[in-house]
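Engineer: Can you read through this structure? Questions will come right after.
Residue numbers (the numbering used here): 26 to 394.
Encoded structure:
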């Protein structure tokens, strides 16, 4: 890609502590990137930035930033996609904690296409592999992009099946794009670059860290219309993806397995909690209204430039209510809204059947009635 001055400021903003996508957009309503990084400490303080944030803005690590910019400039199919870009997917922009920016290698057009996420155990059985291959191959024939996390097991089975079917797939990494993990998937990653896209929110040379993979999972689900879970233990990263999907208002699908298979216990739990049991591809495609997905996200875009077109506080608060019991205090913390405002908005959301009051807090309604 062709790099410009704004790119270096986006990378500098990424390094500022406690500035994610949502807060960055609010900040940029008050100032510009260029002004932000060419101003005094007094001006930064007037924007409500704390001492650590001011220091990060006043003293960026330009050598590390240049290293990332050099990596981006090497190839035309490498992209930096900040949250304000027209290429940044609206579906992802509307989650509770959208990434500030995305790095992408491959076909950037795939981000705007309807996607279905497929996740599962790193130790699949023959049964799990067979259904991962069959479902992913059939879903791409329906015009869907299959999105997963490049992990060992179900993730890689799905990616490979799509590639064999000449379909399109996106791999979301928990590392930087210049540091493929796991290492054994170097060849697979190269095939995805050529036939799909690699995506990460982390700078290109970021190493594998345990805390980054749950963050990766929220992007996998956030990009997608729904998440399919194929073989997952009760304590697994796949259930984290399913939880994110529910919080983001996405559909959750689960493939059932043998009742004595511990790798199916997570799927059975999800089905008990309301996930759709699937036995064939039509169980998924019948649920996905992806013809209208663009309209759906345009109507609920949290960051619309026209304040008359969206109820911003209510949407932020709705995105902060999970399908599990969520307390008002936790909603206030997640949405960064005053508790008084949260309670007022929750009443409005309850009257409009978006949330329900339950013992201990609130839950998001499965469907608007």
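From the three backbone atoms N, C-alpha and C, an ideal C-beta is built for every residue, glycine too.
Quick caveat: nothing in here was measured; it's all calculated off a predicted structure.
So, does the segment 67–79 touch the segment 130–148, judging by three or more C-beta pairs under 8 Å?
Structural biologist: no
Engineer: Measure the C-alpha to C-alpha separation of residue 112 and residue 202 and round it to an integer number of angstroms.
Structural biologist: 18 Å
Engineer: Could you round the C-beta distance between residue 186 and residue 157 to whole angstroms and report it? I think they count as a contact, below 8 Å.
Structural biologist: 7 Å
Engineer: To which residues of the same chain is residue 283 closer than 7 Å at the C-beta, ignoring the five residues directly before and after it?
Structural biologist: 289
Engineer: Near residue 109, what residues of its chain come up, given a Cβ to Cβ distance below 8 Å and the 5 sequence neighbours on each side ignored?
Structural biologist: 50 and 53
Engineer: Less than 9 Å between the beta carbons of residue 272 and residue 347, yes or no?
Structural biologist: yes
Engineer: Just checking, does the segment 208–226 make contact with the segment 249–261 on the three C-beta pairs under 8 Å criterion?
Structural biologist: no
Engineer: Who does residue 107 pair with in a DSSP beta bridge?
Structural biologist: 126
Engineer: Give the straight-line distance between the Cα atoms of residue 375 and residue 342, rounded to the nearest whole angstrom.
Structural biologist: 12 Å
Engineer: By the three-class DSSP mapping on this structure, what secondary structure does residue 261 have?
Structural biologist: coil
Engineer: Is residue 269 closer than 9 Å to residue 120 when the C-beta atoms are compared?
Structural biologist: Closer than 9 Å, so yes.
Engineer: Consider the Cβ of residue 369: report whether some Cβ of chain B lies at a distance smaller than 9 Å.
Structural biologist: Structure shown: chain B not included; a single protein chain is present.
Engineer: How would you write the range of the beta strand (DSSP E) that residue 387 sits in, first residue to last?
Structural biologist: 386–389
Engineer: Output the boundary residues of the beta strand (DSSP E) element that contains residue 140.
Structural biologist: 140–145
Engineer: Is residue 313 closer than 9 Å to residue 279 when the C-beta atoms are compared?
Structural biologist: Cβ distance not < 9 Å, so residue 279 and residue 313 don't count as in contact.
Engineer: Apply the 10 Å Cβ neighbour rule to residue 334 and answer buried if 16 or more other Cβ atoms are within range, or exposed otherwise.
Structural biologist: Bear in mind that the predicted position of residue 334 carries a pLDDT of just 33, short of 50, making it too unreliable to give a figure here.
Engineer: Which first and last residues belong to the alpha helix (DSSP H) in which residue 401 is found?
Structural biologist: Lying outside 26 to 394, the shown extent of the chain, residue 401 is not represented and no answer is given.
Engineer: With a 10 Å radius around its C-beta and 16 neighbouring C-beta atoms as the bar for buried, classify residue 103 as buried or exposed.
Structural biologist: buried
Engineer: When DSSP labels each residue in this structure, what does residue 405 get in the three-state scheme?
Structural biologist: In this structure the chain extends from 26 to 394, so residue 405 is not present and cannot be described.
Engineer: Applying the 10 Å Cβ sphere with the 16-neighbour rule, what's the burial state of residue 317?
Structural biologist: Bear in mind that a pLDDT of 39 at residue 317, under 50, signals an unreliable position, so the model cannot answer this.
Engineer: How many angstroms separate the CA atom of residue 136 from the CA atom of residue 385?
Structural biologist: In this structure, the straight-line span from the alpha carbon of residue 136 to that of residue 385 is close to 38 Å.
Engineer: Please classify residue 124 as buried or exposed, where buried requires at least 16 neighbouring CB atoms within 10 angstroms.
Structural biologist: buried
Engineer: Along the chain, where does the alpha helix (DSSP H) containing residue 219 start, and where does it finish?
Structural biologist: 211–220
Engineer: Please list, in chain order, all residues of the same chain as residue 352 whose beta carbon is under 6 Å from its beta carbon, the five residues on each side excluded.
Structural biologist: Excluding positions up to five away in sequence, the list reads 386.
Engineer: Taking DSSP's pairing of strands, which residues face residue 238 in a bridge?
Structural biologist: Its beta-bridge partners do not exist; DSSP assigns none.
Engineer: Distance, Cα to Cα, residue 304 vs residue 160?
Structural biologist: 9 Å
Engineer: Write down the C-beta distance between residue 181 and residue 213 rounded to the nearest angstrom, noting that I regard them as a contact closer than 8 Å.
Structural biologist: 6 Å
Engineer: Sort 132, 240 and 84 by Cα distance to residue 106 and report the nearest one.
Structural biologist: Nearest option by C-alpha distance: 132.
Engineer: Which residue comes first and which comes last in the beta strand (DSSP E) that contains residue 279?
Structural biologist: 276–280
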